[in-house]
Ligand code: HPA
């Protein structure tokens, strides 16, 4: 891929060792502590030239490469969002670095609002598919024919099956559903949520979709998991604000951590 990504991957290997991680992870709002569960080397984004500043509170902007449940993993402990800088490709370089490190598959996590009564705050949802409600795309400007990425089965059926099996083994309900990407940073209106429901969305959030597109562009298998931090606008009297997202994320994050650990144990 890019020369820059190769150079950064060499820097990461020099610190963390040459063995390719078996799994990549991107941690969403309020889920950053999972990075601390990894026994390995931690490199702040600031030390990786060109990595985003990932300035959203609730994120831990560092790359951690090491072992979790006996599996070598590479964890991006924070993401940049489109709404921070107007760049839908804000996570391209970090994903290129994972690719250059030899990461074959990726689990992308996020905090999301639920559009389904049977998926209340504290639930976890496995993404079966997504709707790009933003109309933006991280591959705009990519000059090669590789930009025409097929998105059928973008959410890898095999990786999803392993995540489902891990949730089942842990006794954790993890329904599958469709995630809609809304640009943010303002939350949605109740009318937008009604529109999204009609379009077939089950959850809504401000991230993940560009990363899934970039992962497929790079040839990584990818699956996503949402942690429900609130019912979406107009669906309950519950507060919708970033503090609430950060406060509620740990409930679903604890479930997500058990699912991931179980999957990594095999
Ligand atoms: N909408 C968009 N993004 C979110 C939400 C929401 O309701 N909750 C957490 N992230």
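Numbering (this note's numbering), first residue to last: 459 to 724. Don't be surprised by glycine CBs; every beta carbon is placed ideally from N, CA and C.
Reduced DSSP secondary structure (H/G/I, E/B, other) of residue 656 | helix
Taking residue 601 as the reference, give the member of 612, 632, 724, 675 with the closest Cα.
-> 675
Secondary structure of residue 589, DSSP reduced to three states | strand
So what does DSSP say about residue 689, is it helix, strand or coil?
-> strand
Residue burial classification, residue 687 (beta-carbon count within 10 angstroms, cutoff 16) | buried
Taking DSSP as the reference, what is the three-state secondary structure of residue 706?
-> helix
Have a look at the DSSP bridge pairing and note the partners of residue 679.
-> 563
Host beta strand (DSSP E) of residue 502 (start-end) | 497–502
Look at residue 495 and residue 526 and say whether their C-beta atoms are less than 8 Å apart.
-> yes
Between residue 703 and residue 692, what straight-line distance do the alpha-carbon atoms span, to the nearest angstrom?
-> 16 Å
Considering only the beta carbon of each residue, do residue 613 and residue 594 sit closer than 8 Å?
-> no
Buried or exposed: which applies to residue 606, given that a residue is buried once 16 or more other Cβ atoms fall within 10 Å of its Cβ?
-> exposed
What's the C-alpha gap between residue 698 and residue 477?
-> 42 Å
Boundaries (first-last residue) of the alpha helix (DSSP H) holding residue 471 | 461–474
For residue 631, does the three-state DSSP call read helix, strand or coil?
-> coil
Would you mind stating whether residue 562 and residue 534 have Cβ atoms separated by less than 8 Å?
-> no
For residue 672, the nearest candidate out of 625, 528, 557, 464 (CA to CA) = 557
Whose C-beta lies closer than 8 Å to the C-beta of residue 622 among residues of the same chain, with five residues either side of it excluded?
-> 584, 632, 634
Test item: CB-CB of residue 462 and residue 508 under 8 Å = yes
Supposed close pair residue 624, residue 720 - CB separation, criterion 8 Å | 4 Å
Using a Cβ cut-off of 8 Å (strictly closer), state whether residue 704 contacts chain D.
-> In summary, chain D is missing from the structure at hand, where a single protein chain is found.
Answer yes or no: the CB of residue 591 versus the heavy atoms of the ligand HPA, is any distance below 7 Å?
-> no
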